[in-house]
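In the order they appear, the protein sequences are chains A and B.
With the first letter of the first sequence counted as 1, position 252 gets the number 252 in this note's numbering; the numbers rise by one all the way through.
With the first letter of the second sequence counted as 1, position 65 gets the number 65 in this note's numbering; the numbers rise by one all the way through.
Protein chains: 2
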Amino acid sequence: MAVYTDVPDDALAAFLAHFDLGELTAFKGIAEGVENSNFYLATTAGRFILTLYEKRVDVADLPFFMNLMEHVARNGVACPQPVARKDGAVLGTLCGRPAALITFLDGVSVRRPSASHCRSLGAALARFHQATERFEGTRRNALSVAGWRVLLDQSLPRADTVADGLAAEMSGDLDDIARLWPRDLPQGVIHADLFPDNVFFLAGEVSGFIDFYFACNDMLAYDLMICMNAWCFEPDHAFNVTKAKALLDAYQAVRPLSEAERMALPVLARGAAMRFLVTRLYDWLNVPEGALVTPKDPMEYVRKLRFHRSVTSARAYGVA
Amino acid sequence: MAVYTDVPDDALAAFLAHFDLGELTAFKGIAEGVENSNFYLATTAGRFILTLYEKRVDVADLPFFMNLMEHVARNGVACPQPVARKDGAVLGTLCGRPAALITFLDGVSVRRPSASHCRSLGAALARFHQATERFEGTRRNALSVAGWRVLLDQSLPRADTVADGLAAEMSGDLDDIARLWPRDLPQGVIHADLFPDNVFFLAGEVSGFIDFYFACNDMLAYDLMICMNAWCFEPDHAFNVTKAKALLDAYQAVRPLSEAERMALPVLARGAAMRFLVTRLYDWLNVPEGALVTPKDPMEYVRKLRFHRSVTSARAYGVA
């Protein structure tokens, strides 16, 4: 959570002159999103989020994200909407960075999700997957098995400084995952980063999703396992099967999993744990000098990886 | 600009249960204020700022600040208003810290004020001073001449690491200021920190003041000189007499300065520069390990101090 870019008055005024949004009434940097600079911006026409895309986001991907947000909102899950400029474009430039105004989505993220939150999330995620099945844009998932291997290889020499034997442990897991990774499950555009930060609630129900900047094409059931890992473990790292069952049952009530998908859940969950472990480990070992953001402890995901390694069927997740 | 305290869901819900504000619809940490943690908080009843007072604010002073904000808003200058809980209190506790909900003030701070902004500020500051004359609370200014001496004494041994000869230069200035410091000018509650960050504008006119946490009793003309130092120098450190004249003329159109006040402006401006120089120098020399906030360069205020040292009358500030 950080604001990286300082926006001068005249630059902001020049950016807003491209829109037809009346008078600026509020502008505040907000501590949301780790990849971009985000601002709360209000005008006489409404409330918005101004996002400046910092260097970790590929400019060429931005039209995909913008189109996806429009498509998803029209088809079942609320999310912020890009606001078009007078010339029809939804992407501008501000302080030398690509920048977009998106509508303000009401709702509050939860830090300690309950089973009831997981149930509401499961239904919303299934509606999201149904909506993206008809979406025409595509974006390759650079952070799948081959990408994990690249990141892990760069971290292996120092992995044991984080935990004794971690290099060998993770190498063994990744070999297993690569061997078992399914190839023919239903695919679509997945969110790929649906942590509690990125899901808003109103009155206990999902009000929408935010932060689509990892969205890509991959297996729908893999997205579900990313959620299960992010939402269904307790702060003491224990797996909460009540929450997992709530998430999966609610998902299946909207979009039933195929037998092949159900069979694959354990390896997909293990891969989903590996996905976040390799990036957290890499970030942990490569903190830039003077960084403002504290990297997340990789050990949380080591524990999730170990849990899923021991799972032999989706029954462990509460799936009948 | 920073958010220091992480607020868990259940703690926030318990805090809000004391208010009668409907359903929570948005909650975001905002990058505003360096002393406290601030959050944008919306409910079905309106928009608010939630402030958690971190350790640099003295709890015993909070009722003074809250009462002042109420008094000022009723008497001429818009500012955020403390929201009373169901039991009538305006101060609660959240995450072990004193916390208050205040109303959201529309407006945008400017980073590069124009002469027109300075003119609007001058009139608003004069109205603020007229309003505080009738305010009954008092708070001693701990950051006046004697306080500067304490801070400077602690910085002297290492002051020359910032600029050659700075220790001798500042000691000489502080001796002059202490000798010349006026004792019988009109007093009242001053804002004492009215930098561009703390003044909001709408359509080019001041919409209100924020951040009253340095407010205290002192000379009104000293507050005006704090503003002149903060608003009327250019990024290249040149004094902009057009902006100063705009500020001072607009102030005097509402609250004319007495002859004694006008005579004292140069030493008050020099003291106002010393005030921010001693704290910036102290903070520069005492950055805590792992600090998230970069201290401000003290040299900006060294240059302002030198400028005012050379001034012999208020005519240099555009005052007839």
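Backbone N, C-alpha and C define an ideal beta-carbon position, used for all residues, glycine too.
Given this structure, state the Cα-to-Cα distance separating Phe-19 (chain B) from Asp-211 (chain B), to the nearest angstrom. 22 Å
Taking only beta-carbon positions, decide if Ile-30 (chain A) is within less than 7 Å of chain C. This model lacks chain C altogether, as its protein chains are A and B.
Reduced DSSP category for Gly-92 (chain A) - H, G, I as helix; E, B as strand; rest coil: strand
From A:Val-267, A:Asp-297, A:Trp-284 and A:Met-299, residue whose alpha carbon lies closest to that of Ser-313 (chain A): A:Val-267
Per-residue DSSP class, three states only, for Thr-312 (chain A): coil
Starting from Leu-151 (chain B), trace the alpha helix (DSSP H) both ways and give me its first and last residue. 145-159
For Arg-262 (chain B), which option in B:Ala-215, B:Arg-275, B:Leu-248 and B:Arg-158 has the closest C-alpha, if you only look at C-alpha atoms? B:Leu-248
For Gly-107 (chain B), tell me which candidate among A:Lys-28, A:Asp-58, A:Ala-250 and A:Val-150 has the shortest Cα-Cα distance. A:Lys-28
On the CB-based measure, 16 or more other CB atoms within 10 Å of its CB, does Val-339 (chain B) come out buried or exposed? One cannot answer for residue 339 (chain B) here, as it falls past the ends of chain B, which runs 1 to 320.
Are any of the Cβ atoms in chain A nearer than 7 Å to that of Tyr-40 (chain B)? yes
Grouping DSSP H, G and I as helix and E and B as strand, with all else coil, what is Met-1 (chain B)? Confidence at Met-1 (chain B) is low in this model, with a pLDDT of 41, below 50, so the placement of that residue should be treated as unreliable; the coordinate-derived value is given next. Three-state DSSP puts Met-1 (chain B) in coil, outside helix and strand.
Do Ala-146 (chain B) and Leu-156 (chain B) have their C-beta atoms closer together than 7 Å? no
If you draw a straight line from the alpha carbon of Ala-45 (chain A) to that of Tyr-317 (chain A), how long is it in whole angstroms? 46 Å
Could you have a look at Tyr-53 (chain B) and say whether DSSP puts it in helix, strand or coil? coil
Could you compute how far the alpha carbon of Val-90 (chain A) sits from the alpha carbon of Thr-103 (chain A)? 12 Å
Residue nearest to Glu-203 (chain B) in terms of C-alpha spacing, selected from A:Ala-253, A:Leu-24, A:Met-170 and A:Leu-121: Note that residue 203 (chain B) is Ala in the sequence shown, not Glu. If we check each option's Cα against that of Ala-203 (chain B), A:Leu-24 comes out closest.
In whole angstroms, what is the alpha-carbon distance linking Leu-185 (chain B) and Leu-220 (chain B)? 8 Å
Meets three-Cβ-pair contact criterion under 8 Å: the segment 158-178 of chain A and the segment 190-210 of chain A: no
Show which residues of chain A have a CB atom less than 8 Å away from the CB atom of Asp-106 (chain B). Thr-25, Ala-26 and Ala-42
Taking 7 Å as the CB-CB limit, is Asp-173 (chain B) close to chain A? no
Any chain A beta carbon closer than 7 Å to Val-287 (chain B): no
Cutting at 7 Å between CB atoms, please list the residues of its own chain near His-117 (chain A), excluding the five before and the five after it. Val-110 and Phe-201
How close, in whole Å, do the beta carbons of Gly-208 (chain A) and Leu-105 (chain A) come, if the pair is a contact with beta carbons under 8 Å? 5 Å
Excluding the 5 residues preceding and the 5 following Val-189 (chain B) in the sequence, name in chain order all residues of the same chain whose CB lies nearer than 8 Å to its CB. Leu-68, Thr-132, Phe-135, Gly-137, Thr-138, Arg-139, Ala-215, Cys-216 and Asn-217
Run through the DSSP bridge pairs and tell me what Lys-28 (chain B) is partnered with. B:Tyr-40
Closest by CA to Leu-401 (chain A), which one among A:Tyr-251, A:Glu-234, A:Tyr-213 and A:Pro-235? Here chain A has residues from 1 to 320 only, and residue 401 (chain A) is not among them.
Closest by CA to Leu-125 (chain B), which one among B:Asn-286, B:Arg-270 and B:Ala-253? B:Ala-253
Using 10 angstroms around the beta-carbon of Glu-32 (chain B), count the other beta-carbons present and answer buried if the total reaches 16, otherwise exposed. buried
For Glu-205 (chain B), write down the residues that DSSP places opposite it in a beta bridge. B:Leu-202
Quick one: list the residues of chain B neighbouring Val-110 (chain A), beta-carbon separation under 9 Å, in chain order. Asp-9
What are the residues of the segment 197-216 of chain B that lie near chain A, defined by any Cβ-Cβ distance shorter than 7 Å? Leu-202 and Ala-203
Apart from the five residues just before and just after Ala-142 (chain A), which ones in its own chain have a Cβ nearer than 8 Å to its Cβ? Cys-216
Compute the distance between the beta-carbons of Ala-273 (chain A) and His-308 (chain A), then report whether it is under 7 Å. yes
With 16 other CB atoms within 10 Å as the buried threshold, where does Ala-17 (chain B) fall? exposed
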